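Residue numbers (numbering that gives the first Met the number 0): 0 to 329. By construction, the Cβ of each residue, glycine as well, lies at the ideal position given by its N, Cα and C atoms. No experiment lies behind these values; they were computed from the predicted model shown. Take a look at the structure set out below.
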Amino acid sequence: MKKEAMHYRKKAIALECMLCPHQCTIAEGKTGICGVRQNEGGNLYSMIYGEITSMAMDPIEKKPLYHFFPGSEILSIGTKGCNFKCPYCQNWTISQDLNARTRFFSPEKVVETALKEGSVGIAYTYSEPIIWFEYVMDCAKLAKKKDLKNVMVTNGYINPAPLDELLEFVDAMNIDLKNFKEESYKKFQKAKLEPVLRAIEMAHTRCHVELTTLIVTGINDTIEEMESLINWIASIDRSIPWHVSRYYPNYRYDAPPTDVQFMLEVCERSRGKLDYVYCGNISGSYGWSNTVCPTCGNTVIRRSGYRTEVIGLKGDACAKCGNKLNIVIA
Ligand code: SF4
């Protein structure tokens, strides 16, 4: 279904979409870089309103969110399209294939489904939810009224004004910080790093934020770059959970999977700088999947795959030493 888009302005012979930092100029009949926002008759339309490629009840840890209602399940929905062009996209069949099959669900139906399934909320995930802005806003507003949480799993490539609107309704975000070099964002994402950093800073002041970095062989797998990234996160807030994730060859990129030893070294380098670091997308956790109190070393949440046991929390504090932790629980 199509719906008139928000955040655009009319120019002399085209439209300018103001939703994300690409700020595409879109001529009549054309779409922007994301491929799903189209100029029709001098108005901009979202062509994917309510169009869902995937819907499932997932463990919230799968987003990944490890510090937001740990152990809960969340209704997860996604559409198609993306404003990034990562050659190694792990979800390219829906993010880059605009012919991906969809099914329409109204916001009312999504919220009804979440309530029926006993979900903690709605996660906008799988492909990029920013370019689904109008639909995410409508679902999120309805969900809030029903006391459901709204979660976004996103690349963080959004302008401040629309992000400000989203943050009225969003409770948690997992934001990808794909690498820490402008030239890499330009070459691989066909985008810019700086706006992502600003979006992370802004979201962090308004909702629960966790970050994910897919370490990709030959792209961001140097200790120097990872240390710069770790230092930047620490400069914002050392208690932001950081998920280090393993890449596997996919889409148009066929370098070998990330060296697990390198990932473990990156995690080691974060010690003393970041409070919560997790190593994911690998078989076995190598000791980097549990949540440990940074003050006393007590294990507060134990994880094995998607099995989660909250074992050492009293409210949002460590049951052993009483240190308040960056964890949102029911
Ligand atoms: S949301 Fe899409 S159309 Fe709008 S500026 Fe970003 S890439 Fe371009």
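Measuring only the C-alpha atoms, how far is residue i from residue j?
i	j	result
D175	T153	6 Å
S118	G70	12 Å
R251	S269	31 Å
C292	S303	18 Å
E127	I32	13 Å
T52	L147	22 Å
E267	K177	19 Å
R8	N158	14 Å
V215	E193	20 Å
V276	K10	46 Å
D96	I59	26 Å
A329	K313	12 Å
T124	F261	28 Å
S284	L14	49 Å
W231	G40	45 Å
S75	A122	5 Å
D274	T298	13 Å
K115	I73	12 Å
K144	T221	46 Å
N322	D315	9 Å
G296	W131	41 Å
D57	N219	29 Å
K189	G80	14 Å
R205	T211	18 Å
T307	I25	46 Å
A198	Y247	27 Å
Let me confirm a value: residue i is counted as buried when at least 16 other C-beta atoms fall within 10 Å, else exposed. Which label applies?
i	result
M151	buried
R36	buried
E209	buried
C320	exposed
Y65	buried
N173	buried
N98	exposed
I12	exposed
E133	buried
N82	buried
G271	exposed
G286	exposed
A254	exposed
S94	buried
Y184	buried
Y48	buried
G311	buried
K186	exposed
Determine whether the beta carbon atoms of residue i and residue j lie at a separation below 7 Å.
i	j	result
A160	N149	no
Y87	N289	no
M46	K108	no
E27	N42	no
P106	C138	yes
A202	F67	no
V265	M225	yes
S244	G217	no
V362	H207	Only positions 0 to 329 of the chain appear in this structure, which leaves residue 362 out of reach.
Y156	C19	yes
T30	E50	no
For residue i, does the three-state DSSP call read helix, strand or coil?
i	result
Y275	coil
K9	strand
K180	coil
W399	Any answer about residue 399 is impossible in this case: the structure gives the chain only from 0 up to 329.
T211	strand
S105	coil
M201	helix
M0	coil
T216	coil
A142	helix
M136	helix
I73	strand
N280	coil
N98	coil
A122	strand
A113	helix
Quick one: give me the first and last residue of the alpha helix (DSSP H) that residue i is part of.
i	result
L43	No alpha helix (DSSP H) contains L43, which is instead part of the beta strand (DSSP E) from 42 to 45.
S303	Here S303 belongs to no alpha helix (DSSP H); instead the beta strand (DSSP E) covers 298 to 303.
T92	91 to 94
Q260	259 to 269
S53	Careful: S53 lies outside any alpha helix (DSSP H), inside the beta strand (DSSP E) at 53 to 58.
N230	222 to 235
In the DSSP assignment, find the unbroken beta strand (DSSP E) run with residue i in it and report its ends.
i	result
N173	171 to 175
I310	Neither: I310 is in no beta strand (DSSP E) and is coded neither H nor E.
L14	14 to 16
E39	36 to 39
Are the C-beta atoms of residue i and some chain C residue less than 7 Å apart?
i	result
S238	In the displayed structure, chain C is absent; only one protein chain is listed.
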